[in-house]
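Working notes, structure below.
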Amino acid sequence: MNIGIDALACATSHYCLPLADMAEALDVPVGKYHVGLGQEHMSIPALDEDAVTLGAQAGARLLAATGTAGIRTVIFATESGVDQSKSAGVFLHALLELPRHVRTVEMKEACYGGTAALQSALGIVARHPKEKVLVIAADIARYAAGGSGEPTQGAGAVAFLVSAEPRLLRIPAVSGVYTADINDFWRPNDSSTPLVDGHLSMDAYMDALTGAYDDYLEQGGIPAAQLARFVHHQPFGKMARKAHARLMAHTGDSRGDEVIESGLAYGRQIGNSYTAALYIGILSLLGTDPADLTDTAIGLFSYGSGAVAEFFTGIPVAGYRERLRETGADAEGVAALLAARETIDFPTYRVLHGSLRTDAADFSTPPQTTAPFRFAGVSSGVRQYEVRS
Ligand code: CAA
Numbered sequence: 004m005n006i007g008i009d010a011l012a013c014a015t016s017h018y019c020l021p022l023a024d025m026a027e028a029l030d031v032p033v034g035k036y037h038v039g040l041g042q043e044h045m046s047i048p049a050l051d052e053d054a055v056t057l058g059a060q061a062g063a064r065l066l067a068a069t070g071t072a073g074i075r076t077v078i079f080a081t082e083s084g085v086d087q088s089k090s091a092g093v094f095l096h097a098l099l100e101l102p103r104h105v106r107t108v109e110m111k112e113a114c115y116g117g118t119a120a121l122q123s124a125l126g127i128v129a130r131h132p133k134e135k136v137l138v139i140a141a142d143i144a145r146y147a148a149g150g151s152g153e154p155t156q157g158a159g160a161v162a163f164l165v166s167a168e169p170r171l172l173r174i175p176a177v178s179g180v181y182t183a184d185i186n187d188f189w190r191p192n193d194s195s196t197p198l199v200d201g202h203l204s205m206d207a208y209m210d211a212l213t214g215a216y217d218d219y220l221e222q223g224g225i226p227a228a229q230l231a232r233f234v235h236h237q238p239f240g241k242m243a244r245k246a247h248a249r250l251m252a253h254t255g256d257s258r259g260d261e262v263i264e265s266g267l268a269y270g271r272q273i274g275n276s277y278t279a280a281l282y283i284g285i286l287s288l289l290g291t292d293p294a295d296l297t298d299t300a301i302g303l304f305s306y307g308s309g310a311v312a313e314f315f316t317g318i319p320v321a322g323y324r325e326r327l328r329e330t331g332a333d334a335e336g337v338a339a340l341l342a343a344r345e346t347i348d349f350p351t352y353r354v355l356h357g358s359l360r361t362d363a364a365d366f367s368t369p370p371q372t373t374a375p376f377r378f379a380g381v382s383s384g385v386r387q388y389e390v391r392s
């Protein structure tokens, strides 16, 4: 069975900050951000945006192209949760006007959550080949102001449909997995920003990469030397470059950045989007790589702090570029999405950053986002979302 991703769409936030402005304001050489981290802009959410509104935007774009026929499960992956009990996926189910006969859950393991959702979806479709699973992954990466993680913030969402007859990316069943209990990055219940040991997290990421890859090989995976391209989880572009160098040294392959470069273009402009980041990288590869990647095997590495990781592959299906266009996720569509963001300066960003919480907006907040969905405030403890027609 050729199960995989049938279509993919993405969304990002209303605002963006050029990292050159941050460098100037914080008196940091801009090369540290542009070259040292490999980042140029970061998407910043408006007060009336959250993981639900970003996910709904991506979902609406996807479903406008695919329709909802066959969807019986929605899995929402996020680490920017808005409730400890109710799945934020249920808000998405309502905003996207999905039918009642759909099961809806939220999934969490830091940035790995999107891949956990994908793997669950593949399992459901293997059991019920006529069904489709809608996966939405959305996050707001928000670190403490003044901390080392601040220039690696961002916001983004993807929505994809998993089906038995994928028109975008087949996902072979072979997969390598890895778990290690490590405190590299986590967000306790009483904190709106994560606690992070940045350099430990980079080491943990790379140990997880070689660990997951070794398991992938043991499970019968195609060796790295035969993979045409790689997309590694990208909290910032340089991390993916370091990961690639480590994987090449580990496997004896000697290919350089040319096999990861096109997967880094969108993340460089959006910043970290946690659960969505790997899938935005996949969109970047499929949308911008000059080569025809049809029927080639692409190595995919998903990492979630804490830590859980997976190495697996995706195989682009003939016509994948046209399929991207249908959901507005081709290179032109994504360029338009990025250009539509409102650029803010550093002082404006810092005020916004200080106010952002999961319940930042209230009913007196004038609309900021121009997106089709906005968070309007909390009434009697209930989150309220508005849909613009
Ligand atoms: N020109 C060019 N490069 C420069 C430079 C300049 N003027 N000044 C510094 N650099 C380079 C440094 O040499 C360094 O590159 P190398 O690592 O290749 O040597 C790079 O810029 C970064 O410099 P520092 O290591 O000094 O940066 P830092 O300590 O201030 O922050 C960080 C780096 C710790 C990763 C920080 O960004 C952070 O905490 N990020 C959040 C955590 C994170 O993203 N971890 C990644 C793995 S965990 C994960 O993947 C899950 C997830 O999504 C969070």
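My numbering applies: residue 4 is where the sequence shown begins, and numbers increase by one.
Where is the CB? At the ideal position from N, CA and C, for every residue including glycine.
Just so it is clear, the structure is predicted and the values come from calculations on it, not from any experiment.
Each of 33, 10, 166, 275 was checked against the Cα of residue 136, and the nearest Cα belongs to 166. In this structure, residue 321 sits near residue 297, with a CB-CB distance shorter than 8 Å. Separation of residue 62 and residue 102 (C-alpha to C-alpha, rounded to the nearest whole angstrom) is 14 Å.
The beta-carbon distance between residue 208 and residue 306, rounded to whole angstroms, is 5 Å. This is short enough to meet the 8 Å contact definition. Exclusion of residue 369 from the 7 Å shell around the ligand CAA follows from its C-beta lying no nearer than that to any non-hydrogen atom of the ligand.
By the Cβ criterion, the stretch 307-315 is in contact with the stretch 175-188, since at least three pairs of Cβ atoms, one from each stretch, lie closer than 8 Å. Here DSSP, grouped into helix, strand and coil, assigns residue 317 to strand. Between the C-alpha atoms of residue 60 and residue 162 there is a straight-line separation of about 9 Å.
C-alpha of residue 357 to C-alpha of residue 45: approximately 16 Å in a straight line. DSSP places residue 69 in the uninterrupted alpha helix (DSSP H) bounded by 54-69. Shown here, residue 15 sits in a strand according to DSSP, grouped into three states. Around the CB of residue 366, fewer than 16 other CB atoms lie within 10 Å, so the residue is classed as exposed. Look at the stretch 244-306 and you find these whole runs of alpha helix (DSSP H), each 4 residues long or longer: 268-273, 280-291. With contacts defined as CB atoms closer than 8 Å, residue 124 and residue 105 fail to qualify as a contacting pair. For residue 352, the secondary structure class from DSSP, reduced to helix, strand or coil, is helix. Contact annotation, residue 212 with residue 244: C-beta distance approximately 12 Å; criterion of less than 8 Å not satisfied. Taking C-beta atoms under 8 Å as the contact rule, residue 50 and residue 371 qualify, at a distance of about 6 Å. In terms of side-chain proximity, the C-beta atom of residue 275 is found nearer than 7 Å to a non-hydrogen atom of the ligand CAA.
A distance criterion of 7 Å places the beta-carbon of residue 311 beyond contact range of the ligand CAA, judged by its closest non-hydrogen atom. Ranked by how close their Cα comes to the Cα of residue 14, the residues 387, 373, 100 have 373 in first place. Residue nearest to residue 134 within the set 384, 6, 182, 19 is 6 (criterion: CA-CA distance). Under a 10 Å Cβ-count criterion, residue 202 is classified as exposed, with fewer than 16 other Cβ atoms of the shown protein chains found around its own Cβ. Between the alpha carbons of residue 26 and residue 224 lies a gap of roughly 43 Å.
Sixteen is the threshold: when 16 or more other Cβ atoms of the shown chains lie within 10 Å of the Cβ of residue 337, as they do, the residue is buried. According to the DSSP secondary-structure assignment, residue 378 is paired through a beta bridge with 388. Minimum Cα-Cα distance from residue 80 among the listed residues 88, 70, 73, 54 corresponds to 54.
Spanning the alpha carbons of residue 343 and residue 17 requires a straight line of approximately 8 Å.
Shown here for residue 283: same chain residues with a beta carbon closer than 7 Å to its own, the five before and five after excluded, namely 13, 159, 161, 269, 270, 273, 276 in chain order. The nearest non-hydrogen atom of the ligand CAA is 7 Å or more from the C-beta of residue 350. Using a Cβ distance threshold of 8 Å, residue 247 and residue 280 do not count as a contacting pair. With respect to the C-alpha of residue 140, the residue from 118, 129, 130 having the closest C-alpha is 118.
Contact holds between the stretch 321-331 and the stretch 170-180, because three or more Cβ pairs, one in each stretch, are under 8 Å apart. Assignment of residue 326 by DSSP, reduced to helix, strand and coil, places it in the helix class.
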